[in-house]
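In my numbering, the protein residues as written are 240 to 690. By construction, the Cβ of each residue, glycine as well, lies at the ideal position given by its N, Cα and C atoms. Below you'll find the structure, written out as structure tokens, and then a few comments.
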Ligand SMILES: Nc1nc2c(ncn2[C@@H]2O[C@H](COP(=O)(O)OP(=O)(O)OP(=O)(O)O)[C@@H](O)[C@H]2O)c(=O)[nH]1
Ligand SMILES: [Mg+2]
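See the structure below:
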């Protein structure tokens, strides 16, 4: 699958009609193919305008900006060519047809350029995931977070922890390797190792105790609009989405199914969820709608609980009051208030807001409240936090190994060393640097100087 003797090619820009489409080739034949298409190679790393021709009959395919990146100073570490052709379906298809005629040259598999970059040591796994997140980023704070990860901020943190861990492990190995120097191992080295491992464990635990902010920012914040039937939930969804995503009517029980809209709310990725009105009903479909609404509420990060201001009971269902972040919204205030109401206020420690979509009262205040709640939940991508469940699992497994070590560092030293080795291995999985032995050799050889 990852046979780097083969040259791979793919459209690197988006599919469909566009001003320019970028095709990329990587592998040992990139140079020959580029030469066959344009004649003389351009200077490395310089954009050059060239005529692309079909090597078979010299037929002109397009005028293209061409870049030549000889390995190893390229994205994949291999010879890479980039063709910026006009982005029509016809030009793209003809280019692909021509590329397919070269031997040992084939379309790239998903992620294959990045895979080659990883194997060439150009990027680690966390950095590659950062690139993928950047390509998928839909909001400003998602972009910020992904850029940091792509730039290696997380990797540097995990690598620095890993080398400290390997240092502790090397000392453990040293103790194991020189049993005749047992005194040194037990009385001098072990307290120092324990100290190092303790501070690492504390740093890991603090890093894990982040309320999943990075993952939330990456995946989006779920905001569920719930409340009594006919309270104006769907009207609010449409107002926030700035389009008619949900049906609105003056009949109670209009919304039955879950309706979702993805939004960029001030840089935060938000999934707004409209639900069926909560309340007693004999109607079977409405009952199912309510079950779905309750499920949505239990999976929400934030709940906006709507009550018609004219009918407000002040009773908040338990599932809402138990939810970490919620706002009680008194809707349709224009029916009871003569003038625009004030902003967020507290009743029994709970935040409330009087709202009228029809009179445009407090919609901005509601958006600001949502942004502040999203900021509390997911931050602004400002620190090198955990962004993926995969990283969290590895870091947690690594911390478990450290804790096992700390429980009894003087258990047979081989077992203690194995706990540390496993912890380092788990940490290495985040960036893909799992070759513990290599680094161990380096650290260990330093320790052994003069012995
Ligand atoms: N006066 C006034 N009417 C509103 C306001 N917001 C919504 N309405 C009206 O209230 C009625 C119900 O609105 P919906 O948005 O369908 O209410 P809902 O909560 O989604 O209702 P269900 O889906 O049936 O539970 C509609 O006639 C809306 O036009 C408002 O701010 N002021
Ligand atoms: Mg509705």
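Beta-carbon proximity of residue i to residue j, cut-off 8 Å
i	j	result
residue 359	residue 320	no
residue 369	residue 381	no
residue 535	residue 463	yes
residue 383	residue 620	yes
residue 300	residue 333	yes
residue 540	residue 475	no
residue 347	residue 260	no
residue 568	residue 543	yes
residue 502	residue 512	no
residue 467	residue 547	yes
residue 372	residue 337	no
residue 252	residue 352	no
residue 559	residue 465	yes
residue 443	residue 638	yes
residue 277	residue 289	yes
residue 411	residue 655	yes
residue 545	residue 618	no
residue 506	residue 379	yes
residue 493	residue 487	yes
residue 456	residue 609	no
residue 258	residue 326	yes
residue 356	residue 316	yes
residue 396	residue 414	no
residue 302	residue 447	no
Cutoff 8 Å; reference residue i; Cβ partners in own chain excluding five residues on either side
i	result
residue 308	283, 284, 314, 318, 319, 320, 321
residue 527	495
residue 392	623
residue 564	540, 541, 542, 612, 615, 616
residue 390	366, 369
Contacting residues, own chain, Cβ-Cβ under 7 Å from residue i (five flanking each side not counted)
i	result
residue 274	280
residue 328	256
residue 580	572, 593, 600, 601
residue 404	439, 659, 662, 663, 666
residue 604	582, 583, 592
residue 628	454
residue 480	500, 502, 511
residue 408	656, 659, 660, 663, 679
Other residues of its chain near residue i: CB distance less than 6 Å, five sequence neighbours each side excluded
i	result
residue 469	491
residue 590	566, 583
residue 453	624, 625, 626
residue 671	363, 364
residue 516	467, 468
residue 574	549
residue 483	477
residue 630	669
residue 531	497
Residue i, buried or exposed, once every other Cβ within 10 Å from all chains shown has been counted against 16
i	result
residue 736	Coverage of the chain is limited to positions 240 through 690, which leaves residue 736 absent and any answer about it impossible.
residue 247	buried
residue 331	buried
residue 485	buried
residue 648	buried
residue 663	buried
residue 650	exposed
residue 436	buried
residue 525	buried
residue 422	Any reading at residue 422 must be qualified, since the residue scores a pLDDT of 47, below 50, and its modelled position is unreliable; the value itself is stated next. Burial call: exposed.
residue 424	Because residue 424 carries a pLDDT of 46, less than 50, the predicted location of this residue cannot be relied on, and the following value inherits that uncertainty. Residue 424 comes out buried.
residue 557	exposed
residue 578	exposed
residue 538	exposed
residue 586	exposed
residue 376	buried
residue 401	buried
residue 399	exposed
residue 342	exposed
residue 305	buried
residue 552	exposed
residue 640	buried
residue 385	buried
Chain B contact for residue i (CB, 8 Å cutoff)
i	result
residue 513	The structure shown contains no chain B, having only a single protein chain.
Alpha helix (DSSP H) segments (min. 4 residues) lying fully within the segment 466-542
DSSP runs (the alpha helix (DSSP H)) wholly in the segment 466-542: 472-480, 523-537.
In chain order, each beta strand (DSSP E) run of at least 3 residues that lies wholly inside the segment 309-392
319-326, 344-346
Length-filtered (3 minimum) beta strand (DSSP E) runs lying within the segment 556-589
Runs of the beta strand (DSSP E) inside the segment 556-589: 564-570, 584-586.
Completely contained alpha helix (DSSP H) runs for the segment 594-682, where each covers 4 or more residues:
Listed in chain order, the alpha helix (DSSP H) runs fully inside the segment 594-682 are 602-617, 628-646, 652-670, counting runs of at least 4 residues.
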